[in-house]
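*Asks:* Those letters in the sequence shown? Residues 17 to 514, by my numbering.
Mind having a look at this structure? Questions to follow.
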Amino acid sequence: MPRDRVIVIGAGIGGLTSAAQLAARGMRVRVLESADYPGGKMRQIDINGRGIDSGPTVFTMRWIFEDLFSDAGASLSDYLRLQPLEIIARHAWSEHERLDLFSDHERSIEAIGDFAGAAEARGYRAFSEQARIIYETLDKTFIRDTRPSILGLVGRCGIRGFGNLSGIKPYDSLWQTLGQYFKDERLRQLFGRYSTYCGSSPFESPATLMLIAHVEQQGVWSIEGGMHQLACALGRLAQEHGAEFRYGTRVEEILVEHGRTTGVRLADGEVIPADAVIFNGDPAALAAGHLGATAAKALPGHRHATRSLSAITWSLVAKTEGFPLARHNVFFSRDYAAEFKDLFRHARLPDEGTLYICAQDRGAELDGNSTEGERLFCLLNAPARGDVHPFDASEIDQCEQRVFSLLERYGLRVCKRAQETQVTTPARFDQLFPATGGALYGQATHGWRASFNRPGSRTRIHRLYLAGGSTHPGAGVPMAAMSGRLAANCLFEDLGST
Ligand SMILES: Cc1cc2nc3c(=O)[nH]c(=O)nc-3n(C[C@H](O)[C@H](O)[C@H](O)COP(=O)(O)OP(=O)(O)OC[C@H]3O[C@@H](n4cnc5c(N)ncnc54)[C@H](O)[C@@H]3O)c2cc1C
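Structure (C-alpha cells):
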C-alpha cells in the first residue's frame, strides 16, 4: 500500500511536532520551510560566534515533549539535557524592591510574605490553589480538544467541574480577579503579566489565564545549548522516522480541488502533490490570501480578529553591573494600566514599558558575567503594527535609550555596544511571520470568549489542517506542540476513515 503523503508548511514547533508524530506513524512527510533553520520563532541570533536564544526562553510543561518522544519510540533525555531552575524569575520594581519566585512553592510563599506581608502570602496560596483547579479542569476538557466550544466545555466539565470555573467569574478580567487575592499592586502586576505570555493585556484577558501561574509552578527548565536545541531535536526525531525537510522553500499556494487540498505550489512554480497539508504559519496569512485565494476560504471571518502583542527585542553580548541578574528577570513599569493603554488603545510604544531580560549564562549553565560579557535577550512589548508602521532607526534609537537608561532605576547598568547588539522590530517580525503585523501569539486573548475564537485544527477545506501557537489551544511552546499533536491526530483520523 502506498503511504499517505503529508506536507507540513513551516518548521515551527507546531509543524515539527506534527511532522514527528505523523512520520512515526508511518506517513510520508515533507516539511517545507521558508527560513534556513528549524524552529520559527524559536530562533537563535549569532553575536560574535555566540548563539543567543531570541525567541522563547522559558521552557515549561516538559511532559508534553516527553510524551511526544515516547510515542515515537524515543526518549527526550537522549536528545536534550534539561536543568530545572531553582529561581523561576526575579522581579524588580526599584533598586530596593525585588521578589524572586521559586520552583519550591513554599519558598515562594515565604518570599511573598517577606516582601509584602502575611496577608499577601495567604492570598498567593489561595490564588495558586485556584490556578491549579482551573488548569486541571481545562486541561482535559479544553486544551486537548480539537475545536472546543462553550457548550462542549460545559458538557465535558460536568456541573461540578464547571462550578470550579464559574468560581472565578468568567466575565471578570484577570486584573479584576487578581484584586480578590492581592492588595499589593506589585503582586497584581506580577501575576497579571502572565497574560502577556499570549500577547494580551491583563486588563482585558479572562481570569482563566491564571492557569499559567500553575504551569510555571510545575517547573521551568533550561535546555543545554539553548531553547533552539528543542527545535533541532524535534527535527531530528522526525527525520529519523523518514520525514524530509526542505529549508529555504516558501510555499506560495495551497492547491485545492473540489473543496479538498491536493498539494502545494512553491515560489519557483514546482508543484508537490499531497493527500493532506498542515499549515504551521499564522492563520492570518492563510485568511489574507497569502497561500492563494481558494485556500483563504479555509478560514472565513478570521481577518478581523484583534492581534496579540508584538515586541522589540535586543539580542546582545554585554557586561552588566549593579543588579544581580537571575536567568529570567522582569523590570516592571510604574503604571501598568498606562502601559497597556499605550500598547492596545493607542497602538504605540509605551512611554515606560516593562522589560524582560533573559540572562542566558545564568542559572543552570553558569558561566555568568565573563570577561567578554554575557548573553542577554531583552524584550519590550510593542503593538503589532509592523505592516503599517516602519519602526525606523530613530524611533528604535529613542526607545532603546529610554529603556536602557530606565534600567538604572533598578540598579542595573548594561554596558552595551552597538556592534554586539541586534535589534528585532515588529516590522522585522512581520517579514518573518507574514500577515501578522509582527503579532507573535496569534489573536489577542481578550474577552471571555476569546479562547473559543481561535481557529481549531480542522479548516473549512477538507484535509487542510492548522498547527501552531496562533491556533487552538494557544500561544507558547507547549501549546504550539499540543496544537501540532491535535492536527496530526485529526489528519490521522480523517485519512484513516477513508
Ligand atoms: C520573542 C518571543 C518570546 C517568546 N517567549 C516564549 C517563552 O518564553 N515561552 C514560550 O513557551 N513561548 C514563548 N514565545 C511563543 C512561542 O515561541 C511560540 O508560541 C511558538 O514557538 C510558535 O510556534 P509555531 O508552531 O506557531 O510556529 P512559528 O514559530 O510561528 O513558525 C512558523 C514557521 O512557518 C514558516 N512558514 C510560514 N509560512 C510559510 C510558507 N508559506 N512557506 C514555508 N514556510 C512558512 C515560518 O517561516 C516559520 O518558521 C515567544 C515568542 C517570541 C517571538
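For glycine and all other residues, C-beta sits at the position ideal for the given N, C-alpha and C.
#1: Go through its chain and collect everything with a Cβ distance to Glu368's Cβ below 6 Å, but skip five positions before and after it.
#2: Give me the Cα-Cα distance between Gly512 and Ser473, rounded to the nearest whole angstrom.
#3: According to DSSP, simplified to helix, strand and coil, what is Lys57?
#4: Closest by CA to Leu227, which one among Ile239, Glu240 and Tyr213?
#5: With DSSP as the reference, label Tyr352 as helix, strand or coil.
#6: Smallest Cα separation from Gly389: which of Phe360, Trp191, Cys431 and Pro54?
#7: Around the Cβ of Trp79, are there at least 16 other Cβ atoms within 10 angstroms (buried) or fewer (exposed)?
#8: Which residue wins for smallest C-alpha separation from Gly215, given the options Phe449, Gly490 and Gly305?
#9: Could you compute how far the alpha carbon of Arg28 sits from the alpha carbon of His274?
#10: If you reduce the DSSP assignment to three classes, tell me which class Asn64 lands in.
#11: Given a cut-off of 8 Å, decide if Arg41 and Phe508 are closer than it, judged by their beta-carbon atoms.
#12: So what's Pro399 in DSSP terms, helix, strand or just coil?
#13: What would DSSP say about Tyr372, mapped onto helix, strand or coil?
#14: Which same chain residues, not among the five before or five after Asp358, have their C-beta less than 6 Å away from its C-beta?
#15: Does DSSP put Ile29 in a helix, a strand or coil?
#16: Between Gly500, Pro100, Trp464 and Leu203, which has its C-alpha nearest Gly129's C-alpha?
#17: Does DSSP put Arg323 in a helix, in a strand, or in coil?
#18: Give the straight-line distance between the Cα atoms of Ser410 and Leu396, rounded to the nearest whole angstrom.
#19: What does Thr279 pair with, by DSSP beta-bridge criteria?
#20: Helix, strand or coil, according to DSSP, for Asp510 in the structure here?
#21: Using the C-alpha atoms, what's the distance from Thr265 back to Asp20?
#22: Using 8 Å as the threshold, is the stretch 335-354 in touch with the stretch 97-112, meaning 3 or more CB pairs across them?
#23: Return yes when the C-beta of Thr265 is under 7 Å from any heavy atom of ligand 1, and no when it is not.
#24: Let me know if Ile64 comes out buried or exposed under the rule of 16 or more other beta-carbons within 10 Å of its beta-carbon.
#25: Considering only heavy atoms of ligand 1, does any lie closer than 7 Å to the CB of Ile23?
#26: Quick one, which of Ile328, Leu38, Phe198 and Gly427 has its alpha-carbon nearest Glu136's?
#27: Mind checking whether the beta-carbon of Thr437 lies closer than 7 Å to any heavy atom of ligand 1?
#28: Give the straight-line distance between the Cα atoms of Pro442 and Leu282, rounded to the nearest whole angstrom.
#29: Expressed to the nearest angstrom, what Euclidean distance is found between the alpha-carbon atoms of Ala412 and Gly458?
#30: Using DSSP with H/G/I as helix, E/B as strand and the rest coil, what is Val236?
#31: Is Met58 closer than 8 Å to Leu246 when the C-beta atoms are compared?
#32: Grouping DSSP H, G and I as helix and E and B as strand, with all else coil, what is Ser50?
#33: Provide the residue(s) that pair with Arg378 in DSSP beta bridges, ordered along the chain.
#34: Return the CA-CA distance between Ile288 and Ala497, expressed in angstroms with no decimal places.
#35: Quick check on Thr387: buried or exposed, where buried means 16 or more other Cβ atoms within 10 Å of its Cβ?
#36: Quick one: grab the DSSP three-state call for Ala314.
*Replies:* So, to answer that:
#1: Here residue 368 is taken as the residue at index 352 of the sequence shown, counted from 1. Within the same chain, Glu368 has close Cβ partners Ser349.
#2: The sequence position of residue 512 within the sequence shown is 496, counting from 1. The sequence position of residue 473 within the sequence shown is 457, counting from 1. Straight-line Cα distance between these residues: approximately 16 Å.
#3: As a first step, residue 57 must be located in the sequence shown, where it is residue number 41. Looking at Lys57 - three-state DSSP - the assignment turns out to be coil, as it is neither helix nor strand.
#4: Position 211 of the sequence shown holds residue 227. Measuring from the Cα of Leu227, the nearest candidate turns out to be Tyr213.
#5: Position 336 of the sequence shown, counting from 1, holds the residue named residue 352. The answer is helix: DSSP assigns Tyr352 an H, G or I state.
#6: Within the sequence shown, numbered from 1, the residue matching residue 389 stands at position 373. Taking only the C-alpha atoms, the option nearest Gly389 is Cys431.
#7: Here residue 79 refers to the residue found at position 63 of the sequence shown. By the Cβ-count criterion, Trp79 is exposed, with fewer than 16 other Cβ atoms from all chains shown falling within 10 Å of its own Cβ.
#8: Position 199 of the sequence shown holds residue 215. Ranking the options by Cα distance to Gly215, first place goes to Gly490.
#9: Your numbering for residue 28 matches position 12 in the sequence shown. Your numbering for residue 274 matches position 258 in the sequence shown. Rather than Arg, the amino acid found at residue 28 in this sequence is Gly. Cα to Cα, the separation comes out at about 29 Å.
#10: Working through the sequence shown from its first residue, we reach residue 64 at position 48. It is coil, neither helix nor strand.
#11: Against the sequence shown, residue 508 aligns to sequence position 492. Against the sequence shown, residue 41 aligns to sequence position 25. Taking 8 Å as the Cβ cut-off, Phe508 and Arg41 qualify as a contacting pair.
#12: On the sequence shown, position 383 is the one that residue 399 refers to. Coil.
#13: The residue labelled residue 372 in the question sits at position 356 within the sequence shown. If DSSP states are grouped into helix, strand and coil, Tyr372 belongs with the strands.
#14: Against the sequence shown, residue 358 aligns to sequence position 342. Once the five neighbours on either side are set aside, the close Cβ partners of Asp358 are Arg364 and Pro366.
#15: Within the sequence shown, residue 29 is the residue found at index 13, counting from 1. If DSSP states are grouped into helix, strand and coil, Ile29 belongs with the helices.
#16: For the purposes of this step, residue 129 is taken as residue 113 along the sequence shown, with counting starting at 1. Minimum Cα distance to Gly129 is reached at Leu203.
#17: For the purposes of this step, residue 323 is identified with residue 307 of the sequence shown, where counting begins at 1. Looking at Arg323 - three-state DSSP - the assignment turns out to be strand.
#18: As a working note, residue 410 is residue 394 in the sequence shown. As a working note, residue 396 is residue 380 in the sequence shown. Each residue's CA atom was taken as its position, placing Ser410 and Leu396 some 17 Å apart.
#19: Taking the first residue of the sequence shown as position 1, residue 279 is located at position 263. For the record, residue 279 in the displayed sequence is Gly; it is not Thr. According to DSSP, Gly279 shares a beta bridge with Leu271 and Pro289.
#20: Counting from 1 along the sequence shown, the entry for residue 510 is found at position 494. Reduced to three states, the DSSP call for Asp510 is helix.
#21: One-based indexing of the sequence shown puts residue 20 at position 4. One-based indexing of the sequence shown puts residue 265 at position 249. Spanning the two alpha carbons is a distance of roughly 22 Å.
#22: Look at the beta carbons and you see the stretch 335-354 touching the stretch 97-112: at least three pairs across the two are nearer than 8 Å.
#23: For this step, residue 265 is matched to residue 249 along the sequence shown. Answer for Thr265: yes, Cβ within range of ligand 1.
#24: Position 48 of the sequence shown, counted from the first residue, corresponds to residue 64. It is worth fixing the name first, because residue 64 is Asn in this sequence and not Ile. Classification for Asn64: exposed.
#25: Taking the sequence shown and counting its residues from 1, the one referred to as residue 23 is at position 7. Ile23 has its Cβ no nearer than 7 Å to any heavy atom of ligand 1.
#26: Against the sequence shown, residue 136 aligns to sequence position 120. Taking only the C-alpha atoms, the option nearest Glu136 is Phe198.
#27: By 1-based counting over the sequence shown, the position of residue 437 is 421. It does not: the Cβ of Thr437 is nowhere closer than 7 Å to a heavy atom of ligand 1.
#28: In the sequence shown, residue 442 corresponds to position 426, counting from 1. In the sequence shown, residue 282 corresponds to position 266, counting from 1. Taking the CA atoms as reference points, Pro442 sits about 26 Å from Leu282.
#29: Numbered from its first residue, the sequence shown carries residue 412 at position 396. Numbered from its first residue, the sequence shown carries residue 458 at position 442. It should be pointed out that residue 412 corresponds to Ile in this sequence rather than to Ala. Here the alpha carbon of Ile412 sits roughly 24 Å from the alpha carbon of Gly458.
#30: Within the sequence shown, residue 236 is the residue found at index 220, counting from 1. Val236: coil per DSSP, three-state reduction.
#31: Taking the sequence shown and counting its residues from 1, the one referred to as residue 246 is at position 230. Taking the sequence shown and counting its residues from 1, the one referred to as residue 58 is at position 42. Yes. Within cutoff.
#32: Residue numbering aside, residue 50 sits at position 34 when the sequence shown is read from its first letter. Reduced to three states, the DSSP call for Ser50 is coil.
#33: Position 362 of the sequence shown holds residue 378. Arg378 pairs with nothing; no bridge assigned.
#34: In the sequence shown, the residue the question calls residue 288 occupies position 272. In the sequence shown, the residue the question calls residue 497 occupies position 481. Computed Cα separation, rounded: 25 Å.
#35: As a working mapping, residue 387 is identified with position 371 in the sequence shown. Burial call: exposed.
#36: Counting from one through the sequence shown, the residue named residue 314 turns up at place 298. Here Ala314 sits in helix by DSSP.
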